[in-house]
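Protein chains in written order, with the working numbering: chain F, 1054 to 1390; chain X, 1054 to 1390.
Protein chains: 2
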Amino acid sequence: MATIADVAKRAGLSRATVSRVLNNHPNVTEDKKRLVREAMEWLNYVPNSTAQRLRNQKTDTIAILVPVLTNPFFAYLLEAMDMVATKNQLQLLICQTRYSKQKELDFLELLRTKQVDGLILTSYENEWKQIEPFSAFGPMVLCNEYERHTKVPIIRMNQFEASYIGTRHLIEQGHKRIACTCGDKSNLAKDRQAGYRKAMADQGLLVEEEWMFSNVFDIEDGKRVLRTILNLREAPTAVFTGSDQVAAGMIMAAKALGKKVPDDIAVIGFDDQPIAKVVEPSLTTIRQPIEELGKTAMEVLIDLIAYKKDTKHQEILLPYDLVIRDSTMSKLKSISI
Amino acid sequence: MATIADVAKRAGLSRATVSRVLNNHPNVTEDKKRLVREAMEWLNYVPNSTAQRLRNQKTDTIAILVPVLTNPFFAYLLEAMDMVATKNQLQLLICQTRYSKQKELDFLELLRTKQVDGLILTSYENEWKQIEPFSAFGPMVLCNEYERHTKVPIIRMNQFEASYIGTRHLIEQGHKRIACTCGDKSNLAKDRQAGYRKAMADQGLLVEEEWMFSNVFDIEDGKRVLRTILNLREAPTAVFTGSDQVAAGMIMAAKALGKKVPDDIAVIGFDDQPIAKVVEPSLTTIRQPIEELGKTAMEVLIDLIAYKKDTKHQEILLPYDLVIRDSTMSKLKSISI
DNA sequence: TCCTACGTTGTAATCGATTTCAGAAAACGG
DNA sequence: CCGTTTTCTGAAATCGATTACAACGTAGGA
């Protein structure tokens, strides 16, 4: 592999001059430029980027921490981030934590060991006080998650409000007994639960604790939980889920049990993923502005890297949408309207 | 940021000794080891990995080229590769080509500029003769794609056979007019088409060129193409698709037009993605061994990197499965059996 | 006691680039 | 034609690690 020294020798010039040509320094005569170019071509020279990184003290690489790639929500989020990164000549190091605290910490080390110029966290497993210290080692942004007392910039949707609206929609369809499957311990999930609870309380509806479910993520979880719900004494007539995957699983399980959606049991999803339109009945869901989330998070991070200014706290809230389809609106009713 | 020199100074030792402790060299006394460890702790020292990369001439990073992350097939493939990579302390640089020839070439440069130790190609856009030369710059593996005359190792499924079996299944259900939507110009697609054609020919069935469709990838494409198919004079009664996404789109469009699947039009998918079980009727499909593909490709690449031996050509063929569900088997028929 | 062998440590070269600084050459003004 | 400024180029330091080699000290054998 040819190095800059080889090019210099062949061109009969110094390494410094070659480097100048490489970086378009103004003060090099056309003559020497040509010599250098010819030598580079002849030797098939390509600068070694590791050496450049060491010398320039930057990597042009951003780490993105996601739980899993196979969750479409994160795939689309990454897609949006990638668009912006590419435009800015940045590489993405995609890090799957698989919901492991240890892996998360390992990946955060990337910032400390200067393997990346910045980092985006799209969810986290550890306590925030374990994570925050890493933000001292390099720019960091929180996307789709949040933390109240921190200087790390946050880009997210108002989960509380969105959940409130979603739950209220179910109530407006006449449901009084509504289950909720969005609760794990993340702040995001807590917000969703809080939104759900407030909507219920505002309409004077009681929430039974046996209607609340945690750790419900995918299609199989959805099937399992729906069967549990239908077996409850005085079973709920609607479910506010935290994910389209879960809602889709519920619809499948309901049909398998001979129950009609939404007449026997109504279901609302979250995200508006492609699957929402594929299931039958199609899913009423809360659209998240995924592209906006990813795009904005990346832009904020790039700003942070460029200006190296002390992170002044900022929180960007993006808008949601309630998308009403068939899994909450009885066809009979909608015709009668 | 503390460097190895700072540690050395604080420990009252040389950089060499610190480095030896870092790399568990045997010949360092416990005494000095302790001194070094204390200094490292005190200074919060972490080795700069860029410097290590430069010195050691390796990056411990693998590039994976995929068209898009949002296609679940590739998400699952990456998931499998990530498992093996993580186990081997390797980082993955995930590169989305978005079906762009230029981007593909840009990413291949990673190998030439020594930014990665190896590269896996999961599909490609350029001519193979554009791509092959890059394999001279570093280890490269082809996964889920193939090329006849090359020394680059190949890990794939027999698309020809799988498509033959899939098409034959449709024929066995009594279909004689079968459309095919798997044709673009990749070798993979050509194989699928060839398998389809052979199955048809073996049963003495004719293939009309207007039944063949190219560039059909996602749900929307599926909807669009199905409408076209149903508008043909003497419309086909079955479709052999190249993807579960497409097949799912077709089922939705068929239902919207009041057609029954599989009685009016039967559909077979490809991949056995989660969506295959979600749609109604559920999809008959050809299961690809995604985990095996990803895992094996990564293992072969790691071997290649470790032994630096000249790539002896190898081609690994993994098995497929025909998964029969409702989109090809009329309920009436299956009951009557 | 002297010589060899081995274990331990440090010095300095190295990986492949960029950049400061200083000197040479060219341009310019009077 | 000389002094000053500007433009161009190269030598050498630098980024932060690893490692070949040399040097030193100590233990063991004769």
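Ideal Cβ placement from N, Cα and C applies to all residues, glycine included.
Neighbourhood of residue i by C-beta, 6 Å cutoff - its chain only, sequence neighbours within 5 removed
i: F/L1143; result: D1113 and I1115
i: X/L1370; result: N1211
i: F/H1366; result: K1204
i: X/A1247; result: F1213
i: F/K1156; result: T1150
i: F/E1200; result: W1181
i: F/A1269; result: As written in the sequence, residue 1269 of chain F is Val, which differs from the Ala given in the question. Hits under 6 Å: T1234, V1278 and V1299.
i: F/F1266; result: T1234 and V1278
i: F/E1368; result: I1207
i: F/L1174; result: L1118 and L1195
i: X/A1092; result: V1060, R1063 and A1064
i: F/V1071; result: I1057, V1060, A1061 and V1089
i: F/A1329; result: D1297, G1322, L1336 and T1338
i: X/Y1098; result: A1055 and V1060
Cβ distance (whole Å) where residue i is taken to contact residue j below 8 Å
i: F/L1075; j: X/T1103; result: Their Cβ separation, rounded to whole angstroms, is 19 Å, which puts F/L1075 and X/T1103 out of contact at 8 Å.
i: F/L1013; j: F/D1135; result: Nothing about residue 1013 of chain F can be reported from this structure: the residues present for chain F run from 1054 to 1390 only.
i: X/K1312; j: X/I1318; result: 6 Å
i: F/E1220; j: F/F1293; result: One point to set straight first is that residue 1220 of chain F is Thr, not Glu, in the sequence displayed. Going by Cβ atoms, the distance from F/T1220 to F/F1293 rounds to 5 Å, so yes, they are a contact pair.
i: F/L1146; j: F/V1169; result: 6 Å
i: X/C1235; j: X/R1250; result: X/C1235 to X/R1250, Cβ: 11 Å. No contact.
i: X/A1208; j: X/L1346; result: Before going further, note that residue 1208 of chain X is Ile rather than Ala in the sequence given. At roughly 6 Å, the Cβ-Cβ gap stays under 8 Å, so X/I1208 and X/L1346 are in contact.
i: X/S1239; j: X/E1198; result: 7 Å
i: X/A1128; j: F/T1123; result: 5 Å
i: F/E1263; j: F/L1283; result: No, F/E1263 and F/L1283 are not in contact; Cβ-Cβ is about 13 Å, not under 8 Å.
i: F/V1314; j: F/P1334; result: 6 Å
i: X/G1191; j: X/L1354; result: No, X/G1191 and X/L1354 are not in contact; Cβ-Cβ is about 10 Å, not under 8 Å.
i: X/K1276; j: X/A1306; result: 4 Å
Residue-level contact to chain F via CB, residue i, 8 Å cutoff
i: X/D1391; result: Nothing can be reported for residue 1391 of chain X, as the shown portion of chain X is limited to 1054 through 1390.
i: X/L1354; result: no
i: X/T1103; result: yes
i: X/L1143; result: no
i: X/L1107; result: yes
i: X/R1068; result: no
i: X/T1294; result: no
Residue-chain proximity (residue i, chain X), Cβ-Cβ < 8 Å
i: F/L1346; result: no
i: F/P1372; result: no
i: F/E1263; result: no
i: F/I1388; result: The pLDDT assigned to F/I1388 is 38, lower than 50, so where the model puts this residue is not dependable; a value taken from the coordinates is nonetheless given after this. Not closer than 8 Å to any Cβ of chain X, the Cβ of F/I1388 fails to qualify, so no.
i: F/L1146; result: yes
i: F/D1149; result: Note that residue 1149 of chain F corresponds to Gln in the displayed sequence, not to Asp. Judged by the 8 Å Cβ criterion, F/Q1149 is in contact with chain X.
i: F/R1165; result: yes
i: F/V1099; result: yes
i: F/T1112; result: yes
Contacts around residue i, its chain only, beta-carbon distance under 7 Å, and the 5 residues preceding and following it disregarded
i: F/I1184; result: L1161 and Y1177
i: F/L1066; result: K1085, L1088 and V1089
i: F/V1332; result: A1301 and I1304
i: F/D1316; result: S1383
i: X/F1187; result: L1161, L1164, R1165 and M1193
Contacting residues, own chain, Cβ-Cβ under 8 Å from residue i (five flanking each side not counted)
i: X/S1387; result: Because the pLDDT of X/S1387 is 42, which lies under 50, any placement of that residue in the model is unreliable, and the question is left without a value.
field: Proximal residues, the stretch 1297 to 1324 of chain X versus chain F, C-beta separation under 9 Å
entry: The residues in question are Q1298, A1301, G1302, I1304, M1305 and K1308.
- prompt: Using a Cβ cut-off of 7 Å, which residues of the stretch 1167 to 1181 of chain F contact any Cβ in chain X, in chain order?
  reply: So the close ones are K1167 and Q1168.
field: 3-residue-minimum beta strand (DSSP E) runs that sit fully inside the stretch 1279 to 1340 of chain F, ordered along the chain
entry: Listed in chain order, the complete beta strand (DSSP E) runs (minimum 3 residues) inside the stretch 1279 to 1340 of chain F are 1291 to 1294, 1319 to 1321 and 1338 to 1340.
task: Mind checking the stretch 1326 to 1342 of chain F against chain X and listing, in chain order, the residues whose C-beta falls within less than 8 Å of any C-beta there?
output: Cβ contacts with chain X: P1327, I1328, K1330, V1331, V1332 and E1333.
Complete beta strand (DSSP E) runs within the stretch 1223 to 1277 of chain F (minimum length 3 residues, chain order): Runs of beta strand (DSSP E) with 3 or more residues, each lying fully within the stretch 1223 to 1277 of chain F, are found at 1231 to 1234, listed in chain order.
message: Going residue by residue through the stretch 1066 to 1100 of chain X, where are the continuous alpha helix (DSSP H) segments of at least 4 residues, counting only ones entirely within it?
response: Whole alpha helix (DSSP H) segments, 4+ residues: 1068 to 1075 and 1083 to 1096.
task: Output, in sequence order along the chain, the residues in the stretch 1218 to 1235 of chain X whose CB is closer than 7 Å to any CB in chain F.
output: Result list empty, no residue passes.
Contacting positions in the stretch 1122 to 1136 of chain X - beta carbon closer than 8 Å to chain F: So the list reads L1122, T1123, P1125, A1128, Y1129, L1131, E1132 and D1135, given in the order they occur along the chain.
- prompt: Which runs of the beta strand (DSSP E), 3 residues or longer, sit entirely within the stretch 1192 to 1224 of chain F?
  reply: Here the runs fully enclosed are 1193 to 1196 and 1207 to 1210.
message: So if I threshold CB-CB distances at 9 Å, which residues from the stretch 1264 to 1290 of chain X count as touching chain F?
response: So the close ones are D1271 and I1272.
- prompt: What are the complete beta strand (DSSP E) segments, minimum 3 residues, inside the stretch 1109 to 1135 of chain F?
  reply: Within the stretch 1109 to 1135 of chain F, the complete beta strand (DSSP E) runs of at least 3 residues are 1114 to 1119.
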